[in-house]
Structures are given as structure tokens and as C-alpha cells.
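Just below is one structure, and these are the notes that go with it.
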Amino acid sequence: MRTAPFSDGTPLVTQWPIPPGHFFDYEVRPEVGDAGTYFYHSHSGFQAVTAHGHLIVREAEEHPYQYDHEIAILITDWYTQTDSEIESALRSEHFTWPGEPEALILNGRSGMSSLSNASHDSCKPSVITVIPGTTYRVRFASPAALAHIILDIEGHTDLTVIEADGRYTKPARTDHIQLGSGQRFSVLLTTKSSSELWADGKGGEYWINFRTPDGPGGSYLSGRALLKYRRGNSTQLYGKPFYNEYGRAPYGNYENPFYRKHGKPFYRKSGRPSYSKRAYPGAHNRHRKHPTAPPHAQLPGKPDVSVNNLWTTWLEYTLEPLDTSLSFPTLDEVTRTLHINVTMDNEDGGQLKFKMNDVAWDEVSFGQRPGAIPYLIDAYVNQRSPDYDAAMENYGWDPRSLGFPVRVGEVIDIVWQQTNIDARRSYEYHPMHAHGERYWDLGAGAGEYDPVANEQRFTHYTPALRDTTILYSYNGDGNENTSAWRAWRYRITEENIGAWLIHCHLLHHMIMGMQTAWFFGDATEVLRNLPHPYIAGYLEYGGSAYGNSSYDPFVLSYFD
């Protein structure tokens with residue numbers, strides 16, 4: 035997103051944390067090309083598991099794809115432990131895994147119980163209502179703490195992806211959706227016609243199935259939502275009765291061909307409607323038992339998602355940018371390749387840390403360093419940024435600041451390489467997310483990255499600009515995990531100068547140190563490109579730019 039200085043939301047990278055009992059005004063100015071699907075969330079500890087919500091940027095003018103309506107779907111995971119309990123377990127000197135999520139949540143509901151039998155409203159399936167013969171833009175976003183989501187819609191396998199991570203793509207067909215934490219996709223869904231609804235006999239109700247990939251022993255977590263058709267503004271269903279709150283179908287309230295042809299049914303003297311088998315063969319009569327529960331009262335069995343064994347290949351080398359005005363740099367233009375090795379190490383005492391090129395970063399441990407100061411504020415106050423020359427001698431990062439510096443004018447490839455996953459783990463993946471400017475996603479694969487072989491894919495294919503793509507784990511021979519890679523390409527310009535966090539988007543892994551701080555440009559260029567008076571309130575922890583119940587903040591409107 036396009037934010038003012040000190041407004042990227044990353045504590046100790048672009049700004050100080052918001053003190054307890056205070057608030058902070060963020061300033062965002064989207065530019066042409068930024069229209070898309072986003073979400074806001076906390077960037078401190080485990081707070082983002084609940085502190086999140088959709089943020090949708092719409093086009094000022096006509097959008098490139100035609101559709102009738104929009105549906106926003108936010109899907110995440112849910113835990114029984116408190117945030118502090120989970121953080122304490124992950125940061126403990128004697129590492130304790132706090133456990134997997136207890137449920138998946140789609141628009142606030144898990145769908146683990148039926149609509150009629152759920153003990154709490156949050157346990158019911160979310161109900162998404164649609165109209166026949168209508169094209170919807172369905173915006174998916176996942177702020178999940180840990181879960182990777184695989185989602186399909188019963189009877190609706192013709193989906194078209196048109197946006198990924200806030201950028202329009204060329205249309206890509208798929209029969210299901212996958213979401214790693216931090217990812218967003220828009221798909222076009224054209225609903226069934228009225229005749230199709232009558233033909234399939236499902237009453238205009240279709241299950242939305244969502245689940246995680248298989249875990250140890252084939253276990254997985256799943257949930258349900260309901261896609262429910264209505265006819266115009268009517269609440270009546272197709273081919274099945276409309277059920278009242280008691281789960282019973284009142285007489286004379288059927289949406290069926292007899293009604294549509296004659297306008298109303300023929301009534302007996304008793305006042306009840308009479309249906310002939312010829313007029314409506316499926317009508318209830320005295321020889322048939324009336325239903326006592328709606329068709330969606332009972333959940334079906336666990337979803338059998340046949341794509342599960344292919345989840346590491348979904349849309350790889352498929353998405354291309356719709357806007358081709360930005361030139362994709364070739365391998366010949368790359369000035370430097372940074373190989374970032376992802377490892378998991380036991381430190382003294384048994385604390386478990388994720389490290390990238392042997393450095394772990396999280397806001398708590400970094401904040402405990404003597405003289406710790408956010409990178410961007412350090413540039414303003416001390417005219418200091420990560421040392422480029424020192425970083426070149428130390429796997430790409432500066433030992434003093436723990437930051438990865440990159441110079442303006444560089445074209446860099448970043449290769450995330452996973453090499454030492456514990457062979458006992460059957461599910462270990464990392465949705466890698468970049469703040470700031472998007473990158474060209476060069477793809478992913480098993481084994482070691484081969485830049486020349488991979489570049490051959492781009493002869494007739496231009497990779498999409500993304501901000502969140504997944505470093506997978508793959509099973510090799512003997513069902514043991516093997517090495518894996520994900521590669522990105524950046525062109526560093528004056529437009530993306532600043533301090534940016536690049537990290538795994540899984541909250542557990544972030545707390546365990548799987549984050550990196552990057553500085554594009556240097557302190558001199560930051561001061562030259564981002565000059566502004568009246569910034570004193572942003573430069574100190576709890577400064578005047580942070581308000582509370584006693585006083586309003588002194589806010590600098592950067593874009594005025």
C-alpha cells in the first residue's frame with residue numbers, strides 16, 4: 035500500500051510501536067493501479083489472529099472486468115488459547131508448540147455445526163446469498179495465523195482468477211481456490227441459471243467446502259459455508275419448500291412451475307393448495323410425509339478435496355499481469371542474487387528459532403538490543419542505515435543493524451531456500467510476504483534453484499507482480515522432505531526507497547524469528563526523497579503523533 039512515512043505498520047522497522055492506551059492515525063493514498071483486495075491487521079505478536087478486516091480499494095473509473103455484484107470472503111483460523119499463552123510458549127527458553135488451530139472461520143463462522151443444531155451462532159455455516167444467472171466478483175483474503183486454505187464450491191467449478199495480491203491479472207481458470215496467510219485473490223463466479231437450478235434438484239443450496247492440506251497421519255481441519263440462491267428479492271428456494279423457523283414447510287409456499295405458470299395454486303375448500311402430479315410431480319400430498327427440517331440441517335461428511343496432493347502446484351507459472359506497461363527485467367539485467375537459507379535452530383536452553391541466513395528477527399528480541407531504534411527513524415535522527423559493504427561480507431545483512439541493504443538501481447533476485455526441514459515434519463510451508471513495492475514472482479520448486487533453467491519459462495510468459503507467495507516443502511523419495519525454493523525479482527528505484535519488512539506471514543513463525551528487515555536506498559536518499567518538517571512527534575516512542583484519551587495527536591498530513 036501507498037503509505038506516508040512512519041505508516042507501514044511495522045514496529046521497529048518504519049515506526050515505534052503504539053503504546054498501550056494510545057492510538058495512531060495511518061495515512062494511505064492509493065494510486066492508479068492499486069485498486070484491489072487487501073486487509074488490515076495488527077503487526078505485533080499474535081494480535082493479528084483477531085485484529086484484522088477487509089480493506090478494499092476500488093477503481094476511480096471503470097474496472098477492466100465486467101461483473102454485477104461483489105462478495106467479500108475473509109477466511110482465517112481460531113484458537114482456544116489466548117494470544118499471550120501462545121506467544122509465551124513460542125518464545126519460551128524451553129520451546130513448547132502451542133498446538134494447531136481448533137477451527138477455520140469463514141466470515142466469522144466455522145460451519146462445524148448445522149444451522150439448526152449449532153450451540154452458538156459462530157459454529158453455524160456462513161450463508162452467502164446469490165441470484166441466478168449473475169456474475170459475482172468474489173474477493174478472498176486470508177489473515178490466518180497458521181492454516182493454508184483449500185476451498186471449493188459444490189457444483190461451481192468454473193472460476194476465473196482476475197486479481198492476485200491487489201493487482202489485476204490476465205484471466206486464469208481454476209476449479210478451486212487456495213489461500214496462504216496474507217494472500218488475496220479475486221475470482222469471477224457466474225451463478226447457475228433458473229433452469230439449471232431446477233434440473234439439479236438441490237433446492238438452490240450448495241456447500242462451500244474449505245479445509246487444510248493433510249497433516250500428520252492424514253489429519254486435517256475443515257469447515258462449511260452455504261451458497262444459497264434466491265429468486266430476485268424473494269426468499270423462496272428452487273424446487274424445495276421455504277422453511278420457517280421451526281424447520282417446517284408451510285403449505286402454499288412453494289417456488290415451482292405451477293406457481294410460475296398460473297400465478298397461484300388451486301385451493302381446496304379446506305384452504306390448502308391442491309397439486310396434481312401432472313402439474314407438479316414433486317409436490318407433497320397426503321401419501322407423502324412433510325419434511326421436518328431444512329435441507330441444510332445436517333452437514334455432509336468431511337470434504338474430499340481431490341486436489342489436495344497437488345496443492346503445491348496451484349497457479350504456479352500461470353498468473354500474468356494484466357497491465358504490461360511495467361517492463362519485466364531479464365536475468366541478464368540482474369546485478370545480484372541473494373540466496374536466503376531458511377533454517378530452524380535450537381538455541382541454548384532449548385528455544386527454537388527460525389533463521390534466515392543465520393539471523394532471526396522479531397520486534398521483541400530486536401527491541402531488547404541496546405540502542406534499538408526503528409530503521410526509518412534511525413535514518414532521520416542519526417542519518418544512519420544498514421552498512422552495504424559490511425552486508426556484502428556477511429550473507430547480505432549488516433551485523434550491526436541486522437538489516438539487508440539494497441542500492442537504488444540494483445536489479446536483485448531473492449531466492450528463499452529451505453534445506454534442513456526435519457524429516458518427521460509432513461507439513462511445513464512459508465507464505466513469504468513483502469512490504470513496500472511488489473516483486474515479480476519467479477516461481478517455486480523442489481531441489482536447488484537453477485536460474486538459467488527457470489528463466490526459460492519466461493520466453494513466452496511474464497510473471498505477475500505479487501506481495502505474498504509460498505515457499506513450499508516437497509516430499510522426495512521415500513516420503514521424506516527435500517529442499518525447496520521460491521524466487522523473486524526486484525528492480526530498486528527511487529519509488530521504493532525506505533525500510534521494509536519481508537517475512538513469513540505465519541504468526542507462529544514470525545514470533546519465532548522468521549522476519550527480515552530490508553533497507554532500499556540509504557539514509558541520504560531517504561532524507562532527500564522523504565523530506566518534511568514537523569515530524570518530531572513520530573521520532574520518539576509515545577511522541578505527540580500518538581494520541582490517547584487525554585489529548586489528540588499532532589498528525590502530519592503527508593499527502594496534502
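Heads up: the sequence shown runs through residues 35 to 594, numbered per this note's numbering.
Glycine included, C-beta positions come from ideal geometry on N, C-alpha and C.
Task: Alpha-carbon to alpha-carbon, residue 94 and residue 551 - done: Position 517 of the sequence shown, counting from 1, holds the residue named residue 551. Position 60 of the sequence shown, counting from 1, holds the residue named residue 94. Using only the alpha carbons, I get a separation of about 34 Å.
TODO: May I have the straight-line CA-CA distance separating residue 87 from residue 398, to the nearest angstrom?
DONE: The count along the sequence shown starts at 1 and reaches residue 87 at position 53. The count along the sequence shown starts at 1 and reaches residue 398 at position 364. Roughly 24 Å separates the two Cα atoms.
Open item on the list: Whole angstroms are fine: how far does the CA of residue 464 sit from the CA of residue 488?
Closed with: Taking the first residue of the sequence shown as 1, we reach residue 488 at position 454. Taking the first residue of the sequence shown as 1, we reach residue 464 at position 430. Straight-line Cα distance between these residues: approximately 21 Å.
TODO: Write down the C-beta distance between residue 191 and residue 102 rounded to the nearest angstrom, noting that I regard them as a contact closer than 8 Å.
DONE: As a position in the sequence shown, residue 191 is number 157, starting the count at 1. As a position in the sequence shown, residue 102 is number 68, starting the count at 1. Their Cβ separation, rounded to whole angstroms, is 20 Å, which puts residue 191 and residue 102 out of contact at 8 Å.
Open item on the list: Taking DSSP's pairing of strands, which residues face residue 73 in a bridge?
Closed with: Taking the first residue of the sequence shown as 1, we reach residue 73 at position 39. DSSP output for residue 73 lists 88 as bridge partner(s).
TODO: Quick one: which unbroken beta strand (DSSP E) runs of 3-plus residues sit fully inside the stretch 498–551? Chain order, please.
DONE: DSSP runs (the beta strand (DSSP E)) wholly in the stretch 498–551: 502–505, 518–525, 532–538.
- [ ] Determine the direct distance from the alpha carbon of residue 187 to that of residue 210, and round the result to whole angstroms.
- [x] Counting from 1 along the sequence shown, the entry for residue 210 is found at position 176. Counting from 1 along the sequence shown, the entry for residue 187 is found at position 153. Cα to Cα, the separation comes out at about 7 Å.
- [ ] Could you tell me if residue 131 is buried or exposed, where buried requires 16 or more neighbouring beta carbons within 10 angstroms of its beta carbon?
- [x] One-based indexing of the sequence shown puts residue 131 at position 97. Classification for residue 131: exposed.
TODO: Out of 63, 544, 73, point me to the one whose CA is closest to residue 389's CA.
DONE: Taking the first residue of the sequence shown as 1, we reach residue 389 at position 355. Looking at the Cα atoms, 544 is the closest of the given residues.
Open item on the list: Taking the straight line between their C-alpha atoms, what separation do you get for residue 595 and residue 238?
Closed with: Beyond the ends of the chain as shown, which are 35 and 594, falls residue 595; an answer cannot be given.
TODO: Please determine, among 205, 570, 183, the residue with the shortest C-alpha to C-alpha distance to residue 246.
DONE: For this step, residue 246 is matched to residue 212 along the sequence shown. The shortest C-alpha separation from residue 246 is found at 183.
- [ ] For residue 240, I'd like the list of residues in its chain whose CB is within less than 7 Å of its CB, leaving aside the five on either flank, ordered along the chain.
- [x] To locate residue 240, count along the sequence shown from 1; it is residue 206. 187, 188, 189, 190, 261.
Task: Pairwise C-alpha distance: residue 524 and residue 507 - done: Here residue 507 refers to the residue found at position 473 of the sequence shown. Here residue 524 refers to the residue found at position 490 of the sequence shown. Roughly 24 Å between the two C-alpha positions.
- [ ] Just grab the DSSP bridge partners of residue 483 for me.
- [x] In the sequence shown, residue 483 corresponds to position 449, counting from 1. BP columns for residue 483 are empty, so no partner.
Open item on the list: Residues in the same chain with beta-carbon distance under 8 Å from residue 573, minus the five sequence neighbours each way, listed in chain order, please.
Closed with: For the purposes of this step, residue 573 is taken as the residue at position 539 of the sequence shown. Excluding sequence neighbours, residue 573 sits near 411, 414, 415.
Task: Classification of residue 40 by the beta-carbon crowding that lies within 10 angstroms, buried from 16 upward - done: Position 6 of the sequence shown holds residue 40. In the assembly as shown, residue 40 is a buried residue. Its beta-carbon has 16 or more other beta-carbons within 10 Å.
Open item on the list: Could you tell me the alpha carbon to alpha carbon distance between residue 299 and residue 158, rounded to whole angstroms?
Closed with: For this step, residue 299 is matched to residue 265 along the sequence shown. For this step, residue 158 is matched to residue 124 along the sequence shown. With a pLDDT of 41 at residue 299, under the threshold of 50, the modelled position of that residue is not reliable, and the figure given next carries that caveat. Going from the Cα of residue 299 to the Cα of residue 158 covers about 35 Å.
Task: Span separating the alpha-carbon of residue 382 from that of residue 376 - done: Taking the sequence shown and counting its residues from 1, one reaches residue 382 at position 348. Taking the sequence shown and counting its residues from 1, one reaches residue 376 at position 342. Taken atom to atom, the span from the alpha-carbon of residue 382 to that of residue 376 is near 19 Å.
Open item on the list: Given this structure, state the Cα-to-Cα distance separating residue 429 from residue 450, to the nearest angstrom.
Closed with: Position 395 of the sequence shown, counting from 1, holds the residue named residue 429. Position 416 of the sequence shown, counting from 1, holds the residue named residue 450. If you take the alpha carbons of residue 429 and residue 450, they lie about 13 Å apart.
Task: One or two residues paired with residue 554 in a DSSP bridge - done: Here the question's residue 554 lines up with position 520 in the sequence shown. Per DSSP, the beta bridge partners of residue 554 are 440, 532.
Task: Residue from 405, 243, 436 with nearest C-alpha to residue 420 - done: Along the sequence shown, read from residue 1 onward, the residue named residue 420 stands at position 386. Closest option to residue 420, Cα to Cα, is 436.
Open item on the list: What does the alpha-carbon distance come out to for the pair residue 466 and residue 265?
Closed with: The count along the sequence shown starts at 1 and reaches residue 466 at position 432. The count along the sequence shown starts at 1 and reaches residue 265 at position 231. Taking the straight line joining both Cα atoms gives about 43 Å.
TODO: Could you say if the stretch 100–116 and the stretch 134–141 meet the contact criterion of at least three C-beta pairs nearer than 8 Å?
DONE: The stretch 100–116 is in contact with the stretch 134–141.
Task: Opening and closing residue of the beta strand (DSSP E) in which residue 261 lies - done: Here residue 261 refers to the residue found at position 227 of the sequence shown. From DSSP, the beta strand (DSSP E) with residue 261 extends over 256–263.
Open item on the list: For residue 446, which residues in the same chain have their Cβ closer than 8 Å to its Cβ, ignoring the five residues on either side in sequence?
Closed with: Start at 1 with the first residue of the sequence shown, and residue 446 comes out as number 412. Excluding sequence neighbours, residue 446 sits near 368, 369, 370, 371, 372, 440, 523, 524, 526.
TODO: Pull up the distance between the alpha-carbon of residue 424 and that of residue 345, whole angstroms please.
DONE: Counted from its first residue, the sequence shown places residue 424 at position 390. Counted from its first residue, the sequence shown places residue 345 at position 311. Approximately 40 Å, taken between the alpha carbons.
Open item on the list: Using 7 Å as the threshold, is the C-beta distance between residue 354 and residue 496 below it?
Closed with: Taking the first residue of the sequence shown as 1, we reach residue 354 at position 320. Taking the first residue of the sequence shown as 1, we reach residue 496 at position 462. Residue 496 is positioned such that its CB atom lies closer than 7 Å to that of residue 354.
TODO: Using only the heavy atoms of the ligand ATP, determine whether one of them is closer than 6 Å to the beta carbon of residue 432.
DONE: Looking for the ligand ATP in the displayed structure turns up nothing, as the structure carries no ligands at all.
TODO: Please report the residue range of the beta strand (DSSP E) in which residue 220 lies.
DONE: Taking the first residue of the sequence shown as position 1, residue 220 is located at position 186. Start and end: 218–224.
TODO: Would you please state the rounded distance, in angstroms, between the beta carbons of residue 55 and residue 121? I believe it to be under 8 Å.
DONE: As a working mapping, residue 55 is identified with position 21 in the sequence shown. As a working mapping, residue 121 is identified with position 87 in the sequence shown. Rounded, the Cβ-Cβ distance is 20 Å, inconsistent with contact.
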